[in-house]
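Just below is one structure, and these are the notes that go with it.
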């Protein structure tokens, strides 16, 4: 997929400029300051932040999938990969509370220690708890991912991701719900919740290798900022995003972010794996770089 890493750490100079607008646009009160422009600018800034927050929480699905592959928890009969997972790398430890086959649930503690960089340069640190109710690819299985002392690129991550397999044996499909999400980007505290549906569209013939998997994604999310602004996001089922596990970012599709009735679109492109996207609202277009 084109990936489900701040100039790359956050969103670079563009995000900083948008942040200034985000904080002060509503306080300007000159005679020629158009309220519509203020509203547009706040929606554009919120969309840029949404793209960064989405990277952080979208990553939890990919981590669970890759850890499941390494620990033989994606399908029965699969032996653990004796080589380091090529994207996550091999610098993390996994502690399982039960090593018996077909004994459920299984609770895993994933320890990225003081810092573990993957093949894309994304730096994870601290611990995640992952609970498998069954094999990842088995219909009905629920996988719960909970950050404990976890950070991504230095950003502390909290909340819970609940992954539910709603597909069939030959068509993997999942819902991913984020509850209680909270991060701090720049000087803003942001709370986050979402529910998305992911359908695997490529990599179906190689179940033992998740790195060629590509998922289409649609759903909604909500963000609340510490300056009082609230935003909602929609990705339509008819126009889904595409995310490849091997890539660090969403690489295709559009997301619509709305603030006070003004809707900005995040355009992720046409399938190229890179960290760039554009935010558009009317005749305003801003280029952004997503986190590493």
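In the numbering used here, the protein residues as written are 30 to 321. Note that beta-carbon positions come from the ideal geometry of N, C-alpha and C, so glycine has one too.
- In its chain, beyond the 5 residues on either side, 116, 117, 118 have a beta carbon closer than 6 Å to the beta carbon of residue 147.
- For the set 173, 184, 195, 144, the Cα lying nearest the Cα of residue 166 is the one of 195.
- Counting along the chain, residue 294 sits inside the beta strand (DSSP E) bounded by residues 291-299.
- About 6 Å separates the CB atoms of residue 297 and residue 281; that is less than 8 Å, so the two are in contact.
- By the CB criterion at 9 Å, residue 279 and residue 87 fall inside the cutoff.
- For residue 132, the closest of 198, 141, 262, 102 by C-alpha to C-alpha distance is 102.
- Residue 250 sits away from residue 277, with the two beta carbons spaced by 9 Å or more.
- Under the DSSP assignment, residue 103 falls outside any beta strand (DSSP E); it carries neither an H nor an E label.
- Residue 125 and residue 160 have their C-alpha atoms roughly 10 Å apart.
- The straight-line gap separating the alpha-carbon atoms of residue 187 and residue 289 is approximately 27 Å.
- Around the beta carbon of residue 67, 16 or more other beta carbons sit within 10 angstroms, so the residue counts as buried.
- Within the segment 235-321, the beta strand (DSSP E) runs of at least 3 residues that lie entirely inside it are, in chain order, 243-254, 259-264, 270-273, 279-288, 291-299, 305-310, 313-318.
- Shown here, residue 126 sits in coil according to DSSP, grouped into three states, outside any helix or strand.
- Leaving aside the five residues that flank residue 261 on each side, the residues in its chain whose CB is nearer than 6 Å to its CB run, in chain order, 251, 287.
- Taking 8 Å as the upper bound for CB-CB distance, residue 69 and residue 310 are in contact here, some 5 Å apart.
- Across the structure, residue 137 and residue 258 are spaced so that their CA atoms are roughly 37 Å apart.
- With a threshold of 16 other beta carbon atoms within 10 Å, residue 98 meets it and is buried.
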